[in-house]
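As structure tokens, the structure follows; a few thoughts come after it.
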Amino acid sequence: MSARRLGATGPGATAVHAWLLLLPALVLLVAFTHWPAVATFIDSFYSTPKGSRPAVWVGLENYQAMVDDPVFWKAVRNNLWFAGATIPLSIGLALVMALWVNERIAGRAFLRMAYFTPTVLPMIAVANIWLFFYTPQYGLLEQLTGALGLPSHNWLGDPRTALACVTVVAVWKEAGFFMIFYLAALQTLNPSLREAAAIEGASRWTFFRRVQWPLLMPTTLFVLVNAVINAFRAVDHIFVLTRGGPDNASTLLLYHLYEVGFKFWDTAYAAAITVVLVVVLASVALFQFFVLDKRVHYK
Amino acid sequence: MKRKTFTLFLAAAAAASLAWTPAQAQAQTTEVSFFYPVAVGGPIAKAIDGFAADFMKANPGIKVNPIYAGTYQETIVKALTAHKAGTPPVTSVLLSTDMFTLIDEDAIVPIDNFVRTADDKAWLDSFYPAFMMNSRSGGKTWGVPFQRSTIVMYYNKELFKEAGLDPNRPPENLAELKAAAAKLTKKDASGKVLQYGVQIPSTGFGYWMLQTMTTANDAILANDAGTQVKLDDPKVVESLQYWVDLGKAGVHPPGVVEWGTTPKDFFEKKTAIMYTTTGNLTNVKANAKFDFGVGMIPGNKRKGSPTGGGNFYIFKKASPAQQEAAFKFIKWITQPERAAVWSMDTGYVAVSQAAYGTDALRKYGRDFPPALVARDQLPVSVAEFSTHDNQRVTKALNDAVQAALTGAKTPAQALQDAQHEADRILRSYK
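Chains A and B are the protein sequences, given in the same order. Be aware that the first sequence starts at 1, since it is given in my numbering, and climbs by one per residue. Be aware that the second sequence starts at 1001, since it is given in my numbering, and climbs by one per residue.
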């Protein structure tokens, strides 16, 4: 009755109706996504307000400070290294694990669970566990290398290994999560494809390379998008494991951003770093959606 | 009829509210939110809750709401974020070194605002002068010492005996420390170190540990106004070189040593001597399964250690009634009897001479002399490194310490870089 009355009063009312339906989501999106982004962009051209000293327009000064900031560049280099290692490693590992637990093997359910466990744990808990793996002299890693007669090593306290150590933790945590997507995708593949390949006498490798891998492409893109986001979003385990140290050897962009924003309270400079981070991530996302997305669907 | 009922109801409600208001005003309580951090082991949260409960029993008009807010770092982030949002805690325990930051953010009020009676004045004068060095600036008192500490040297008496050292005479100066550490270092047949002589942590509080050695060398890192630092002083370079040399000699772990796992390394006998805050004393007492001793920080040109730890601050944006209530709570909790209990529960230094005069703490000190070492070190203590924009300047110094310890830079180069960075940051405060 009421719906008919609304429909009867013409297209204007329909538009109002539509906007009203959109309103709750719109309010949340504007309040928590769009407005903060715009405000951050504006703030990045002002100085940091402090006590009784209000913010003043400084133009590109914050961006100039960023160019001159050696720790920022160190964080950029570290983050690229971190992304370059975690993305292929976690995706590759996820694929191998998914292919394995997709087969009919003994203890399959147990294996699947074991692979997925790290994903369920909070990152802070994971980092605390790994902190004791890496502890010099009596940590798990030390006991293993010690049993092999290798010399003792301070894994997190040495700038040459600190970043690699936090990378390993991230891969360990992420691979299980991505495995779930691959596993789901593998199970939607038509079984007749496998039968056909078997009749043709295709080897397992050929079947994977020619059939499974191309059909998994949309999943790979989805996982890739997530992996890229995670690589630049990673911060929690840094707090527990190294706090960016030693001497900034394992500082990632978001950790640097946190330090500038909430440790030094230089909110204007932090806003400028945020803008750069958002622009870079947005361009990667646009590339993935508009270029890669067209190429992954197998026809 | 219906309307009449409604009017009646309104009238009744109004009458009830009128009758109720005076009673409510009488019972009205002032709420005091109180953020506090924990930086050492032990059941600190329970002790704080106990204090708050006792205080509320004695002061029914005030409700103290203690909120555990994480580490010192996390607590100041929460307190300052809340300050910027307009609703800070009424009072908080934060690092004494964050005083300049809090003043610059216009976040706190001087304690002097609340000191009116002769009794209040006597109370403010009762704290150890060493602790007031990080609590005063520009002629005003901004913080009240609470969980204050100094760095002390913990050593394993059994390992001292095994190495042929006198377990009742810890190293007195830097040369003796190095010699003792060499004797205390144990290696297996392949040359792998099983036990280090000494361990000085370098994450989180690297600058603080460096200060133990610069104080021994008679160097002061920052001026009282917090506007100038002297990090590239040759005496400072020499201090950092000494620390690096301990690692090179193989008597100190290589690279950067974790603050948090250092007590565990000591319990596991992976190190015979460790430097850490006296705030860890109760933790060590409970967990060390061997006879241990506590010594003053070894000297060189002079003795001494920087003080450390947290002060009470009162936030500006709280209402006057809340600030007064917070002041009352702070005054109450720092009374000698309470300071004595707090010191025994945690190992932190009791903040006043009078606390050490209480029967409880006198007896505790007699039975457990290590509890008095930090206090005895106070007369030769210096202010902890603190400047404007403190976290940022401190990070520059921490990075320098880590760069030198990991061999990325020479001590001279690292400290020169830190000085350069600190000068840049402090430029606007001169």
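Even glycine gets a Cβ: it sits at the ideal position worked out from N, Cα and C.
- Residues of chain B whose Cβ lies closer than 7 Å to the Cβ of A:Gln137 are, in chain order, Lys1270.
- The beta carbon of B:Ala1326 lies closer than 6 Å to those of Val1032, Val1090, Thr1091 and Ile1314 in the same chain, with the five residues before and after it left out.
- If the five residues before and after A:Ile105 are omitted, its C-beta is found closer than 8 Å to the C-beta atoms of Leu111, all from its own chain and listed in chain order.
- Secondary structure in the region 153-224 of chain A: the alpha helix (DSSP H) runs of 4 residues or longer, each lying completely within the stretch, are 162-188, 191-200 and 204-207 in chain order.
- Against A:Trp130, chain B offers no close residue; the least beta-carbon distance is about 13 Å (beta-carbon pairs closer than 7 Å).
- Counting other Cβ atoms within 10 Å of its Cβ, B:His1420 stays below 16 and is therefore classed as exposed.
- A contact between stretches requires three or more CB pairs, one per stretch, nearer than 8 Å, and the region 1144-1161 of chain B meets this requirement with the region 1295-1313 of chain B.
- Under a criterion of Cβ atoms nearer than 7 Å, the residues of chain B adjacent to A:Phe262 are, in order, Val1077.
- The region 172-192 of chain A makes no contact with the region 1263-1283 of chain B: fewer than 3 CB pairs, one atom from each, lie closer than 8 Å.
- Of B:Asp1188, B:Gly1164, B:Gln1028 and B:Ser1190, the smallest CA-CA separation from B:Ala1179 is found for B:Gly1164.
- Boundaries of the beta strand (DSSP E) harbouring B:Thr1091: Thr1091 to Leu1095, taken from the DSSP string.
- Contact between B:Gly1247 and B:Val1193 fails: their C-beta atoms lie close to 11 Å from each other, not under 8 Å.
- Contact annotation, A:Leu221 with A:Asp293: C-beta distance approximately 6 Å; criterion of less than 8 Å satisfied.
- What B:Gly1255 touches in chain A, judged by beta-carbon distance under 7 Å, is Asn154, Gly157, Asp158 and Pro246, going in chain order.
- By the neighbour-count criterion, in which 16 or more other beta carbons inside 10 Å mark a residue as buried, B:Phe1127 falls on the buried side.
- Between A:Leu163 and A:Ser250, the C-beta spacing is below 8 Å.
- Where B:Glu1031 is concerned, the enclosing beta strand (DSSP E) starts and stops at Thr1030 to Tyr1036.
- Under the Cβ criterion (8 Å, minimum of three pairs), the region 235-252 of chain A counts as touching the region 62-74 of chain A.
- Judged by DSSP in its simplified three-state form, B:Pro1167 adopts coil rather than helix or strand.
- Under DSSP, A:Trp57 forms a beta bridge with A:Tyr46.
- When the beta-carbon positions are compared, B:Thr1282 and B:Thr1346 come within less than 8 Å of each other.
- Among the CB atoms of chain A, none fall inside 8 Å of the CB of B:Leu1094.
- In the structure shown, B:Lys1230 adopts coil according to DSSP, grouped into three states.
- Sequence-ordered contacts of the region 229-260 of chain A with chain B read Arg243, Gly245, Pro246, Asp247 and Asn248 [C-beta pairs closer than 7 Å].
- Three or more Cβ pairs drawn from the region 1076-1091 of chain B and the region 256-271 of chain A lie within less than 8 Å of each other, which places the two stretches in contact.
- Separation of A:Val27 and B:Met1056 (C-alpha to C-alpha, rounded to the nearest whole angstrom) is 43 Å.
- Under a criterion of Cβ atoms nearer than 7 Å, the residues of chain A adjacent to B:Val1193 are, in order, Ser152.
- Against B:Glu1384, chain A offers no close residue; the least beta-carbon distance is about 17 Å (beta-carbon pairs closer than 7 Å).
- At least one beta carbon of chain A lies nearer than 8 Å to the beta carbon of B:Gly1204.
- In the DSSP annotation of this structure, the continuous segment of the alpha helix (DSSP H) that includes B:Asn1398 starts and ends at Asn1390 to Leu1405.
- Secondary structure at B:Ala1321: helix, using DSSP grouped into helix, strand and coil.
- B:Tyr1154 carries a strand assignment under DSSP once its states are collapsed to helix, strand and coil.
- Taken in chain order, the whole beta strand (DSSP E) runs of length 3 or more contained in the region 1193-1243 of chain B are 1193-1199.
- Boundaries cannot be given for B:Gly1061, as no alpha helix (DSSP H) includes it and DSSP labels it neither H nor E.
- Close to A:Trp205, with beta-carbon spacing below 9 Å, lies no residue of chain B; the smallest spacing is near 44 Å.
- Remark: C-beta atoms of B:Thr1307 and B:Ser1381 approach each other more closely than 8 Å.
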